[in-house]
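A.B. asks: Dropping a structure here in structure tokens format, bear with me for questions.
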Amino acid sequence: MHRRAARYVTRTTSAAAGAVATAATSVAAAAVAASIIFSPVADSSSRMDGVRADLQRAVQLNQITAEQAVSFEAKLAGRILGEA
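This is how it looks when you write it as structure tokens:
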């Protein structure tokens, strides 16, 4: 009888610890999501600066060609600056 009780306590404790860890992870994810949602939106020019920097980095890493970067930047500029 004592063996069964010890096994039950061990299983129950492990399940509770798992539930607490899952809840903590969910709370942390919700906090990150809220910080992203409620952060101020960058203006169009700073967004384009970021796009240019990302595209330059991609060209340096030989992930895309310079021509592809120019074309992609033009497409994004139309979308980003068109919102303003």
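In case it helps, mature numbering (1 follows the signal peptide of the UniProt record, and there is no 0) puts the sequence shown at residues -30 to -1, 1 to 54.
Quick reminder that beta carbons are idealized off the backbone N, C-alpha and C, glycines included.
Since the model is a prediction, treat every value here as computed from it, not as a measurement.
Exposed or buried, what is A39 when buried is set at 16 or more other beta-carbons lying within 10 Å of its beta-carbon?
C.D. replies: Classification of A39: buried, given that the 10 Å Cβ count is 16 or more.
A.B. asks: Indicate the three-state DSSP secondary structure (helix, strand or coil) for D13 in the structure shown.
C.D. replies: D13 falls in the coil class under three-state DSSP.
A.B. asks: Please state the DSSP three-state secondary structure of Q30.
C.D. replies: helix
A.B. asks: I'd like the list of long-range same chain contacts for residue 58, defined as Cβ closer than 8 Å, with 5 residues on each side in sequence excluded.
C.D. replies: Outside the shown range of the chain, which is -30 to 54, sits residue 58, and nothing can be said about it.
A.B. asks: Compare the beta carbon distance of V21 and L46 with 8 Å and say whether it is the shorter of the two.
C.D. replies: yes
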